[in-house]
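Counting in this note's numbering, the sequence shown runs from 2 upward without gaps. Okay, structure first, notes after.
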Amino acid sequence: MSGSSQIAERFRAVDAFLDAHRSFWQPRPFHGDPLPWVDQAPDLAHWLRGKSQDWVDANEDRAALEPDCPPTLLGMHQQAQALCALPLLQGAEQPLDLRLTRGIPGRKLGQIQAFAQVAIPRLTTEVLADWCAGKAHLSRSLAKLSGAQVHSYERQAALCEKAESLASAQGVKLQAHLVDVRSQPPELPSNATLLGLHACGELSDIALSQAHEAGLPALMLAPCCHHKRQSRHYTPRSSLGNQSLLGGLDESTLRLSTARVVIATRRMKRIRANKMLYRVAYRSLVPGTFKSGPESWFTHSFAAFCERISAREGHTLPAFDSEALLEKASAEVLLARALGMVRAPFRRPIELWLNLDRALFLEENGWSIEIGRFCAESVSPRDILIAATR
Numbered sequence: 002m003s004g005s006s007q008i009a010e011r012f013r014a015v016d017a018f019l020d021a022h023r024s025f026w027q028p029r030p031f032h033g034d035p036l037p038w039v040d041q042a043p044d045l046a047h048w049l050r051g052k053s054q055d056w057v058d059a060n061e062d063r064a065a066l067e068p069d070c071p072p073t074l075l076g077m078h079q080q081a082q083a084l085c086a087l088p089l090l091q092g093a094e095q096p097l098d099l100r101l102t103r104g105i106p107g108r109k110l111g112q113i114q115a116f117a118q119v120a121i122p123r124l125t126t127e128v129l130a131d132w133c134a135g136k137a138h139l140s141r142s143l144a145k146l147s148g149a150q151v152h153s154y155e156r157q158a159a160l161c162e163k164a165e166s167l168a169s170a171q172g173v174k175l176q177a178h179l180v181d182v183r184s185q186p187p188e189l190p191s192n193a194t195l196l197g198l199h200a201c202g203e204l205s206d207i208a209l210s211q212a213h214e215a216g217l218p219a220l221m222l223a224p225c226c227h228h229k230r231q232s233r234h235y236t237p238r239s240s241l242g243n244q245s246l247l248g249g250l251d252e253s254t255l256r257l258s259t260a261r262v263v264i265a266t267r268r269m270k271r272i273r274a275n276k277m278l279y280r281v282a283y284r285s286l287v288p289g290t291f292k293s294g295p296e297s298w299f300t301h302s303f304a305a306f307c308e309r310i311s312a313r314e315g316h317t318l319p320a321f322d323s324e325a326l327l328e329k330a331s332a333e334v335l336l337a338r339a340l341g342m343v344r345a346p347f348r349r350p351i352e353l354w355l356n357l358d359r360a361l362f363l364e365e366n367g368w369s370i371e372i373g374r375f376c377a378e379s380v381s382p383r384d385i386l387i388a389a390t391r
């Protein structure tokens, strides 16, 4: 998708859709407030309330596809699908040298291969700037295919050293820069293409600003984890975004944009389930909100979780029966998850809204934009790529 009118028109349409359906996606389950949409669509609420645990587990992201889905949910799903349809960006197969792929986790390797297929035909510079690079797996792979030189930017010294070591062994010209881009904007080579594969939250926004301010000729950016930002709030970057009906996006909305778990291990699923269950059960002992704990706390028993949270928060807990509390909490969680399924159609529109705003910021500042998907959803659900040139 390219061209000012197309991107701006898509942004306005997504913005209007989200604004018109705020009552369905903005209220959060598990937070006690009545859900306003329940009175607007009683048939949908009744349908969801009758669902079993197994059904909710299996259909959390596909309830709208069920044959007996009420028209309200089906209509929102279909409208969201139409608004968010993005092309799979054209590329060319780029077989990576097997020596390059050693040590790269399977999922990451698949993402790099997909990114490379789209990126190589679009490269117009002989220098690459790898943003939040880690071991520079992405840029080393692209450099090996294109002959480019690499500057990588990473805040962990051990990863910088590993990137240079691997590059030297592979015959890639790479200079690693030890820098925390949040606090110290790096000096980027003026003739580089900036690459960002899944730079979290505000790191992608900083990349946009730095590429523009440094006068770079090109960038390719695939943002992710939109909620990971110090401000916990997204302020629109573009002038059109600042005129939007939504205004900025709060942390809850940002989290919703990436809430879908397409690829998850059994352990991840168990932790996710326990997070919901333990929080609800604990609040029945000590009403109110509390800061969550590390994921490791949710791998142990509920009693152990209570012990850790109460010690940290200074709570004195009454005597309790873990089994009874968890049984009661399980029913509450099931109902909240079932009713929360109406939020699923809005995840992708929110994510697209964010990326269209970023694309508009560049476009309004003289860049030519291409935005689309660089990989299949099974490779990564964060599949949106912004490719921009001066």
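Beta carbons are placed, not taken as given, at the ideal position from N, Cα and C, and that holds for glycine. Given the structure is predicted, the values throughout are model-derived calculations rather than measurements.
Pair within 8 Å by beta-carbon distance, residue i and residue j
i      : j      : result
Leu90  : Trp132 : no
Lys229 : Gly202 : yes
Arg391 : Trp368 : yes
Ser239 : Phe362 : yes
Gln211 : Pro237 : no
Arg141 : Leu124 : no
Glu165 : Ala177 : yes
Gln95  : Ala117 : yes
Ala200 : Ala208 : yes
Arg359 : Pro88  : no
Leu143 : Ala120 : yes
Pro43  : Leu36  : no
Asn356 : Ile387 : yes
Ala282 : Leu247 : no
Met342 : Glu67  : no
Met77  : Phe25  : yes
Counted within 10 angstroms of its Cβ, other Cβ atoms place residue i as buried (16 or more) or exposed
i      : result
Asp16  : buried
Met269 : exposed
Thr73  : buried
Ala46  : buried
Glu371 : buried
Ser297 : exposed
Pro122 : exposed
Ala59  : exposed
Ala134 : buried
His22  : buried
Glu364 : buried
His234 : exposed
Pro319 : exposed
Ala304 : exposed
Ala389 : buried
Own chain partners of residue i with C-beta closer than 7 Å, once the 5 adjacent residues on each side are dropped
i      : result
Gly216 : Ser191
Arg349 : Ala81 and Cys85
Leu335 : Gln54 and Val57
Leu75  : Ala65
Lys145 : Asp98, Leu101, Gln171 and Val173
Trp48  : Pro71
Ala9   : Leu241 and Leu361
Val39  : Ala46
Ser245 : Asp16 and Pro237
Segment limits, alpha helix (DSSP H) that includes residue i
i      : result
Pro224 : Element bounds for Pro224: not the alpha helix (DSSP H) but the beta strand (DSSP E), Ala219 to Cys225.
Val119 : Gly107 to Ala120
Ala320 : Note, Ala320: premise wrong, no alpha helix (DSSP H); not H, not E.
Ser311 : Phe303 to Glu314
Val281 : Arg267 to Leu286
Gln80  : Pro72 to Leu84
N- and C-terminal bounds of the beta strand (DSSP E) containing residue i
i      : result
Ala193 : Ala193 to Cys201
Ser369 : Ser369 to Arg374
Asp131 : Val128 to Trp132
Gln54  : Taken as a continuous stretch (DSSP letters only), Gln54 belongs to no beta strand (DSSP E), being part of the alpha helix (DSSP H) at Gln54 to Asn60.
Val39  : Segment Trp38 to Gln41 is the alpha helix (DSSP H) holding Val39; no beta strand (DSSP E) there.
Ser153 : Gln150 to Glu155
Gln171 : Premise fails: Gln171 lies in the alpha helix (DSSP H), Ala158 to Gln171, not in any beta strand (DSSP E).
Leu386 : Ile385 to Thr390
Leu179 : Leu175 to Leu179
Cutoff 8 Å; reference residue i; Cβ partners in own chain excluding five residues on either side
i      : result
Ser3   : Bear in mind that a pLDDT of 45 at Ser3, under 50, signals an unreliable position, so the number given afterwards is only what the model happens to contain. Around Ser3: Ser369, Ile370, Glu371 and Ile372.
Phe321 : Leu286 and Cys307
Phe18  : Gln80, Ala81, Leu84 and Pro350
Thr259 : Cys225, Cys226, His227, His228, Arg348, Glu352, Pro382 and Arg383
Thr300 : Arg268, Arg271, Ile272 and Asn275
Ser6   : none
Ala14  : Leu84
Gln231 : Arg183 and Glu203
Sequence-distant residues of the same chain with beta carbon closer than 6 Å to residue i, five excluded per side
i      : result
Lys52  : Ala339
Thr102 : Leu110
Leu198 : Phe116, Leu139 and Ala223
Phe291 : Glu314
Interface flag, residue i vs chain D, CB-CB below 8 Å
i      : result
Glu314 : Absent here is chain D; the protein component of the structure consists of one chain.
Q: Check whether the stretch 306–315 touches the stretch 331–339, counting contact only when three or more Cβ pairs, one atom from each stretch, lie closer than 8 Å.
A: no
Q: Please determine if the stretch 101–113 and the stretch 374–390 are in contact, where contact requires at least 3 C-beta pairs separated by less than 8 Å.
A: yes
**Q.** Touching by the beta-carbon criterion (3+ pairs, under 8 Å), the stretch 217–227 and the stretch 142–158
**A.** no
Q) Touching or not, the stretch 240–260 and the stretch 269–287, by the rule of three or more beta carbon pairs under 8 Å? A) no
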